[in-house]
Structures are given as structure tokens and as C-alpha cells.
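Remarks on the structure that follows.
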Amino acid sequence: MDHDARLAAARAECRAEDSASDDDEAGEEVEMLDLRPPGLRVRPRALLSPQEGLWMTGVVLLMMLLHLVPQLFVMLPYYRITRSFTFEQLLRLLVPFNLLVAYMYLAYYQAACSDAGGVPFDWSPDAAMAEYGVELTAEHRRFCHKCDAFKPPRAHHCRQCKRCVLRMDHHCPWIGNCVGNHNQAHFMRLLMAVSVAGGYLLAMICLRVGDWWNTDWYLAPPSNTETVLIVLTFILGTPPVALTSLLMWYQWYLLAINTTTIETHEQDRVTRLIRRGQIPFFEFPFDVGVWRNLTDVFGPNVLTWLWPFAPPVHDGLLFPVRQPYPEAQFLWPPRDPRTSRRRHPLPDSAFTYGDEQLNPALQPTHTPGSAADLARRAQDSLNGPPGDEDDEEDTGPPLPPSRVRIRRGSEGFEIRPPQYSRMYLELHGSDPHAYAPDAHAAGAPADAPAPDEPHTPDAPGPKVVDIHAEDDEIPLGHLVRRHFAGQSRDLE
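In terms of the numbering used here, the sequence shown opens at residue 1012 and continues consecutively.
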């Protein structure tokens, strides 16, 4: 079986496995189409969006402004009015600055226009590991459904470029391009050029403000126009230079540990999963030492690290790992076992119960009616159901009027029953045995329990209501009146 046939079989197998766990329907036959443009080996990036074009135009205009304005309108007038500031000193000052700026323009062009690294159309993990004699399983394969192709280790799909980028670090809007395997070195040269050239510019303006080249006994203060342009240079130049310098040192740190910006977030997630005991310990496989990490990006010769036309060191498809087995690079990042890749297909219609009916369990449960009807029904429920056997023995005085609280919410009316324990406290105080002596004095049966004796259900005599019981455990109105049956005490 040739390479194309093996690649088609591996793709079909991967998509068949994903159809069991993703949103592909069972039994659907997938037809593999060759969508490769003629004459292209890798997938090209998408065209620049209008927003990215505006970002890049603004960056170029800012660089030109900070390059030309300080020289033409700050340093040249200072040279004309300062007799001790010679032409030779002016050349020594401006020639290095223009060389740094020219290098910055070239580095920007290389970082913006160089290909970040696309995945070849005919790449497959099985063919890549065939030379090592390693047979990969489904766990080792990473498939991009947007590109319809396998993803090499450390490759990620970029939404702006609309393709998978090899060793993707991030998508930079300032250059309108991804920072990947093929232009990582160009991006680092751009950061260094901006930091050095910007620092040189700010230092030159500071020397002008301090009148550094004036050896006479008089000061050469700047004019109003020069003062405005000096302030404008500091305002427009200081924040970009400071932020670019911080980004440059951060990128140097990531290169030293052979990590991309995306992989820092992956390492945080993997560390959290390991700490919680959800996955076993797995070491980051791509950190093989500081020197080897740097040479994988810039090359083994230090003298060519700053050369703006240096080609990429390797293809970005396979990487050296610190583990003894090379297939470890296909296992990063470890998958979260709790995350299910199964996507349940949505129904054709929202009415899933037929006849355009919703779920019966989701029907409203409140009783329709006005608030007055609900209050009347709630008040009637306090008297118990009709024909209750306790109604014949209910000869005690009536209960005080209770308040049924009704609140209208988003799903109808909410009825809160009266609090019987609070009503009892208002009538008899906090002592539950307060009426017991009156009951004995009024001619209670002789065998009734004493007030200090615990009451049992079978014992005759007045019953004591536990005021500390929950409201939902206290009987309704007709049971409350039964507690005071036979008492001569006026409840009112």
C-alpha cells in the first residue's frame, strides 16, 4: 500500500473514531476529497482582514514618525544653533540610529511576510514515526476538523489565518501574521530591533534636552515647535518601547525553556489536573536544555542569530523530547478524562413531544386565578377539608384572624401560610406551659398530668403545643383549635 493510500485509510479511521464520539452520524460514509490547490505543498494562510490591515498601517506610520520627526525637526535645528556640535558628531549620532531603524524595518518585513509554517497536505503521524519503528494508536493522533488534516505536535489552528500553524506561539495583530516555527526567529529579531532602536531614540532626545553637546557658556533651549515634538516623541515612543522590551524578555524566557505562549496555558491546566489527581504525572516533553532549546530556533552558529535572512532550522513537524521514547511528543497535552468529546445531535424541531407540544414536566404549576381567589382558597384551607371528623368537636373559641401572605413572582402567585408558632407566642407568651395551671384550676380531670411532667399522646388533659416546632409540622387551624378545646380562657 503506497503512502497516499495509507494516509487516506488513517484519515478515514480517525474520522470514524470521531464519529462515534463527536457529531458525525452513525453509518454515514465519509468521502475523502483532495482539496489541495495545484502546485502547493502546504495549506496557505487566509488573506489579511481589514482590521489587520489597519493595525499594520498604524504600526508602520508610527515607526516612520518616530524615525523621521526627531531627526528632521529636533536634532538638525539643534545642530544649527549649537556651534560646538560638529557635523562629525551629528553623523556619529544619526548613522547608528538609521542603521538600527533600517534593521527594524527589515525585521518587521520578515516577521510579517514570512510563512509561519503550514502543515503539509500529505503529512500523517504514522508516516512520520515509521522511521522510528513506532506504531501509533488513536491516542497519539490529533485531527483538525476545520482543516480536515492531522495536526503535528505543538501545532494549533489559528482562526485568523484559517489553518493549522506549526509550533504556534500566538497570532500577532501588529504584524498581521502568526508567530510559528518558521518565523519565530524573525519575530525575536523584530523585538530586539524595536527595543534597541527605541531605547537609542529616547536616549538621544534626553541628551538633546540636557544640551549635552553644548560646551559654550550659554544654553540652547528648544523652540516651541521643538518642545512640542520632543514631548510628542516621549508620549508616542515610551509605551511601545517599554512594552516591547517586556515582551522580548518574556519571549527569551519561553525560548530558554522551549515553551510557547499557548503551551504555558496548557502546562497550567495539566498541573491543575495532576494536583487534583485526575491524571497521572506527565512531564513537559520538549524542554531539552537551554542551549539546545535556543539552537532549535536560531541555529547552532551564534554569529547568524541576528542575520535577518536566516532560514528556519527545522521543519517543525517533529521535535526532540527529553523522554526516551519519541512518541511522547504526540501525547502532549494530556487529555482531561472528564471532558467528553461526544456531541449530542440537536433535533430538527424544538417540539420533541409531538403535535407541537412541549415537555409536560415543564408546564406551569401555578393555579390560574386572581390574587383574591388565591387568598380565599388559602384561608379556606386553614379550616380543613369538608366533613372532617374534628369539626364536630370544634367547640372552642375562634382563632384570631391569620394573615395569608401572597407575593407575585415571575411564575405566578406565591402563597406563604401563616406562622402558627408566632401566633401562639403573641397570644400566650414564650412559656409553653403558661395555660396549664388555669386548666387544672378550671376543673381538669384528676388524672391529667402535672405541668412539670412530660405529656404523652395517651395522657388525658390539655395538650401542650411545642412552639419550637417547624411551621410545616404544626397542624392546620382546626388542629390548633383542638388544643384549646374545653378551656374557659378567652383567647381574645
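From the three backbone atoms N, C-alpha and C, an ideal C-beta is built for every residue, glycine too.
Bridge partners - residue i, DSSP secondary structure assignment
| i | result |
| --- | --- |
| residue 1188 | 1183 |
| residue 1129 | 1176 |
| residue 1141 | Residue 1141 is not bridged to any residue. |
| residue 1169 | 1174 |
| residue 1085 | According to DSSP, residue 1085 bridges with nothing at all. |
| residue 1053 | 1131 |
Under 8 Å between C-beta atoms of residue i and residue j
| i | j | result |
| --- | --- | --- |
| residue 1166 | residue 1177 | yes |
| residue 1122 | residue 1197 | yes |
| residue 1077 | residue 1244 | yes |
| residue 1151 | residue 1342 | yes |
| residue 1333 | residue 1298 | yes |
| residue 1204 | residue 1067 | no |
| residue 1345 | residue 1301 | no |
| residue 1241 | residue 1220 | yes |
| residue 1162 | residue 1170 | no |
| residue 1173 | residue 1057 | yes |
| residue 1315 | residue 1231 | no |
| residue 1185 | residue 1112 | no |
8 Å Cβ cutoff, residue i in contact with chain D
| i | result |
| --- | --- |
| residue 1324 | Here chain D cannot be found, since the structure has a single protein chain. |
Cβ-Cβ separation, residue j to residue i (assumed contact under 8 Å), whole Å
| i | j | result |
| --- | --- | --- |
| residue 1130 | residue 1054 | 6 Å |
| residue 1081 | residue 1212 | 6 Å |
| residue 1175 | residue 1155 | 5 Å |
| residue 1194 | residue 1327 | Between residue 1327 and residue 1194 the Cβ distance is about 11 Å, and since that is not below 8 Å, they are no contact. |
| residue 1201 | residue 1119 | 6 Å |
| residue 1090 | residue 1084 | The Cβ separation is near 12 Å, so there is no contact. |
| residue 1292 | residue 1285 | 6 Å |
| residue 1140 | residue 1338 | 6 Å |
Residue i (DSSP reduced to helix, strand or coil)
| i | result |
| --- | --- |
| residue 1217 | helix |
| residue 1154 | strand |
| residue 1096 | coil |
| residue 1161 | strand |
| residue 1250 | helix |
| residue 1334 | coil |
| residue 1236 | helix |
| residue 1078 | helix |
| residue 1319 | coil |
| residue 1136 | helix |
| residue 1260 | helix |
| residue 1197 | helix |
| residue 1468 | Since pLDDT at residue 1468 reaches only 47, below the 50 mark, its modelled position is unreliable, and no value is offered. |
| residue 1463 | Low local confidence applies: a pLDDT of 47 at residue 1463 is under 50, so the model's placement there is unreliable, with the coordinate-based value given in what follows. Coil, per DSSP. |
| residue 1278 | helix |
| residue 1148 | coil |
Distance cut-off 7 Å: residue i Cβ against heavy atoms of the ligand NAD
| i | result |
| --- | --- |
| residue 1123 | By its list of ligands, the structure shown contains no ligand whatsoever, and the ligand NAD lies outside what it can speak to. |
So, do the stretch 1233 to 1252 and the stretch 1201 to 1209 have three or more beta carbon pairs nearer to each other than 8 Å? yes
Using 8 Å as the Cβ pair cut-off and three pairs as the minimum, do the stretch 1221 to 1238 and the stretch 1298 to 1313 touch? no
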